[in-house]
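So the sequences go chain by chain: A and B.
For the first sequence, our numbering gives the first residue as 1038, with consecutive numbering after it.
For the second sequence, our numbering gives the first residue as 116, with consecutive numbering after it.
Yeah, the Cβ is synthetic: ideal placement off N, Cα and C, and Gly gets one too.
For reference, the structure is listed below as C-alpha cells.
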Amino acid sequence: MDGMHKAPSGLPRKAGVSYKPRYLEDMLVSPGPVSWVEIHAENYMVDGGPGIAGLRRVVERFPVSCHGVGLSIGSEGPLDAEHLDRLAHLASWLQPASVSEHLAWSGHGGAYFADLLPLPYDEATLRRVCDHMDEVQERLGRSILLENPANYLGFSYSSMAEVEFLAAIAVHTGCGLLLDINNVHVSAVNGACDAEAYLDAFPLALVGEIHLAGHEAETDEHGGPLLIDAHNNPVADPVWALFARLLARSGPLPVLIEWDNDLPEWPVLAAEAARADTMLVGCYA
Amino acid sequence: MPDWQGTFAGALLDPARHPPPGLVRPDGCAAGRRFDIYRNNVVVALIEALGEAFPVVRAVVGAQFFEAMAGVYVRAHPPSSPRMMFYGESFAPFLEGFEPAAQLTYLPDVARLEYARRLAYHAADDRAADPAVLAGLDEAKLTAVRLSLQAACHILRSAHPIHAIWRYNATEDKSPVQPAAEDVLVSRPDNRVLVQRLPPGGATFLLALQEGRSLGQAAAQAVAEAPSFDLGANLASAFSARIVTAISIQ
C-alpha cells in the first residue's frame, strides 16, 4: 500500500468492520467493500485454539486494527504490566496496521469492570494518562491511537474540554487519535457538548481512524433523551450526517463499522461498510 | 480527589454505597441517576459474560434464577483480569455455598465441566503423538513409558451424572439422565472441544499420566480402583481422542 494513502495509523483510508469469528468464511469469500478489520485485543490473549486459528487466516488477507479495551490507561494506579506484556506479545505476531485504546479506566485494585469509565479532564489526570501512554508506546515500540469516550457523566472539577484534553495527550506523547463519531453524538445528546462544534474543533491531522457505531435510545428520569453506546444497531442517521460533515473537512480516512452486540448477518454489516465506502469514494470526486 | 476511582469502583458494585463527589452530567447539571447507567452496564455485562460461559448451569436453573444468582456472584467476585474468557474461575466454589441452589448438589460440578470446556477451547495448540513407536516395545519398556497429555485436557470426577446433564442441556441427545457418578474427559482434538464420559478407572489412569507416572504405574492405580480396567482399550481411546502429545521411552 502506498504510504501516501495511509492515515497516521497505517490503516487504508477505506471501510473496515469489527471482526467476529462467525464472519470468517463470509469475509474471505465475499468481502464486498470491506478492506480491513478490527479485533478486540483481549479476545485473542490466549495460548491457542480456534479463535487464534481463525485470526491467523484473517491476518493473511486483511490489514488488522488491534483495538484494546482493557488496558485502563486512565487508572489512578499503575498499568497492569502483565496485561501490557500480553498486548505486546499479540502485536508482535499480529503485526497490526494500527493499535488503539481508550481514554477511560476500567479497573481498580485488581478488579476489572468490563466497561469504559469516565475521567475528569484536569492537570493531574492529564499527567497520569500521558505517563501511561508513554509506558504503553515504549513497551510496544510504536505509537498508538487513543479514542474519545461516550459520556454519561462529567466531573465538576474538569478544567479542559475533551477535545483540548485529547489534543494535549497527543502533543505530549506523540500518539494519534481515534475519533468515534457515535461517541461524539452520544455524548452530545447526553449533554456534553455540541457535536458539530466538537468535530469542527477536532485536530484532524492526528486522526488515524474513525469509528461509526449504533447506539440505543433511552429516556432519562426527567423524560429527556439518553443514548447508550451499545454497538448493537445500524449506524444512526445523525451519525452518518456528522460523518459526512467531517469528511468534507478531512478527506478520506480509515472508517470502521463497529458492531459488537446483537450481531447481524454478514450482508447487513457489509451493507453498512458499503455505505461508508461510498462516502469515502465521494471524497475523491 | 484522593482515590476517587476506589469510591467509584465500590459504588459500581454496591448500590448502597455513594459515588464520589464531583460527578455531574456532562453539561454540568446535577448527575441525577446517571451513575446508575454505569452500575447497570457493568453488572449486566458481567452477568451476560457469565451466562455465556455457563450456558448449562443457566439452562438448569432457568434464565431468571441465573440472572439473580449471577448478580450476587459478579458483585462479590468481579473479574480480576480483562481476559473475560476466563471469568468465572471461582463460580463453582461460589455455587457450593449458594444457599438458594443448595438442593441442586450437582450444580458446582456442572459449572466445573463448563469452565473446563472454556479452558480447553483457548488452550495451546498441541500436536498429537504417533502411537506407532509403542508397537515394537517389549513389556518392560512399555510399562516404563511416560505419556504427555495435551494442554486442553481436563479430567473431572463427580459423584453426579455431570456428563449426562451436560449432554442433555447442550446437545440434541435428550435421552433421560440417570443418577450415577460420572468421570469426564474434556479435550480438544482437531480444534473442537470434546466432552467424553470415561470408563471405570479411566480418570485415575489419565490423572496418573498427567502427574507424570509411567504407563505401568498409571495402569496399576486404575486396576486397583476398577478391576475391570482395560489398559489396551483406554490407551487406544486416548490416542484416538488425540490427547497424547509426547511419548517418552526410558
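Supposed close pair residue i, residue j - CB separation, criterion 8 Å
i	j	result
residue 1156 of chain A	residue 1140 of chain A	7 Å
residue 124 of chain B	residue 176 of chain B	Contact doesn't hold; Cβ gap of about 29 Å is too wide.
residue 1127 of chain A	residue 1081 of chain A	6 Å
residue 1142 of chain A	residue 1196 of chain A	Not really, about 18 Å apart at Cβ, beyond 8 Å.
residue 187 of chain B	residue 232 of chain B	Not a contact, Cβ separation roughly 23 Å.
residue 274 of chain B	residue 255 of chain B	About 38 Å; that fails the 8 Å criterion.
residue 281 of chain B	residue 171 of chain B	5 Å
residue 162 of chain B	residue 260 of chain B	At roughly 47 Å, the Cβ-Cβ gap does not stay under 8 Å, so residue 162 of chain B and residue 260 of chain B are not in contact.
Pair within 8 Å by beta-carbon distance, residue i and residue j
i	j	result
residue 314 of chain B	residue 349 of chain B	yes
residue 210 of chain B	residue 223 of chain B	yes
residue 1244 of chain A	residue 1216 of chain A	yes
residue 339 of chain B	residue 323 of chain B	no
residue 1246 of chain A	residue 1046 of chain A	yes
residue 1073 of chain A	residue 1101 of chain A	yes
residue 1137 of chain A	residue 1104 of chain A	yes
residue 214 of chain B	residue 169 of chain B	no
residue 1282 of chain A	residue 1233 of chain A	yes
residue 141 of chain B	residue 1124 of chain A	no
residue 1266 of chain A	residue 1226 of chain A	no
residue 1121 of chain A	residue 1176 of chain A	yes
residue 1272 of chain A	residue 1309 of chain A	yes
residue 1202 of chain A	residue 1163 of chain A	yes
residue 132 of chain B	residue 1258 of chain A	no
residue 258 of chain B	residue 331 of chain B	yes
residue 360 of chain B	residue 243 of chain B	yes
residue 321 of chain B	residue 356 of chain B	no
residue 1057 of chain A	residue 1314 of chain A	no
residue 1290 of chain A	residue 1316 of chain A	no
residue 1083 of chain A	residue 1089 of chain A	yes
residue 1166 of chain A	residue 1111 of chain A	yes
residue 134 of chain B	residue 150 of chain B	yes
Coarse secondary structure for residue i, derived from DSSP in three states
i	result
residue 1296 of chain A	coil
residue 1049 of chain A	strand
residue 286 of chain B	coil
residue 198 of chain B	coil
residue 1152 of chain A	strand
residue 1090 of chain A	helix
residue 1195 of chain A	coil
residue 203 of chain B	coil
residue 242 of chain B	coil
residue 1041 of chain A	Model confidence at residue 1041 of chain A stands at a pLDDT of 38, short of 50, so the residue's coordinates are unreliable and nothing is read from them.
residue 312 of chain B	strand
residue 1268 of chain A	coil
residue 270 of chain B	strand
residue 192 of chain B	coil
residue 1252 of chain A	coil
residue 1160 of chain A	helix
residue 223 of chain B	helix
residue 1184 of chain A	strand
residue 1109 of chain A	coil
Range covered by the beta strand (DSSP E) that runs through residue i
i	result
residue 1075 of chain A	1073-1077
residue 57 of chain B	Residue 57 of chain B lies beyond the stretch modelled for chain B, which goes from 116 to 365, so this question has no answer here.
residue 1217 of chain A	1213-1217
residue 257 of chain B	Run containing residue 257 of chain B: none in the beta strand (DSSP E); it sits in the alpha helix (DSSP H), 254-259.
residue 214 of chain B	Neither: residue 214 of chain B is in no beta strand (DSSP E) and is coded neither H nor E.
residue 1101 of chain A	1101-1104
residue 275 of chain B	Taken as a continuous stretch (DSSP letters only), residue 275 of chain B belongs to no beta strand (DSSP E), as it is neither H nor E.
residue 1119 of chain A	Run containing residue 1119 of chain A: none in the beta strand (DSSP E); it sits in the alpha helix (DSSP H), 1118-1131.
Classification of residue i by the beta-carbon crowding that lies within 10 angstroms, buried from 16 upward
i	result
residue 1079 of chain A	buried
residue 1323 of chain A	Nothing about residue 1323 of chain A can be reported from this structure: the residues present for chain A run from 1038 to 1322 only.
residue 207 of chain B	buried
residue 1076 of chain A	buried
residue 1193 of chain A	exposed
residue 364 of chain B	exposed
residue 1228 of chain A	buried
residue 1298 of chain A	exposed
residue 268 of chain B	buried
residue 1263 of chain A	buried
residue 250 of chain B	exposed
residue 120 of chain B	buried
residue 143 of chain B	exposed
residue 1230 of chain A	buried
residue 1320 of chain A	exposed
Closer than 8 Å to chain E by CB, residue i
i	result
residue 1193 of chain A	Of the protein chains in this structure, namely A and B, none is chain E.
N- and C-terminal bounds of the alpha helix (DSSP H) containing residue i
i	result
residue 152 of chain B	149-168
residue 1136 of chain A	Unbroken run through residue 1136 of chain A is the beta strand (DSSP E), 1135-1139; no alpha helix (DSSP H).
residue 247 of chain B	Looking at the DSSP string, residue 247 of chain B is not in any alpha helix (DSSP H), and its letter there is neither H nor E.
residue 125 of chain B	119-128
residue 347 of chain B	346-355
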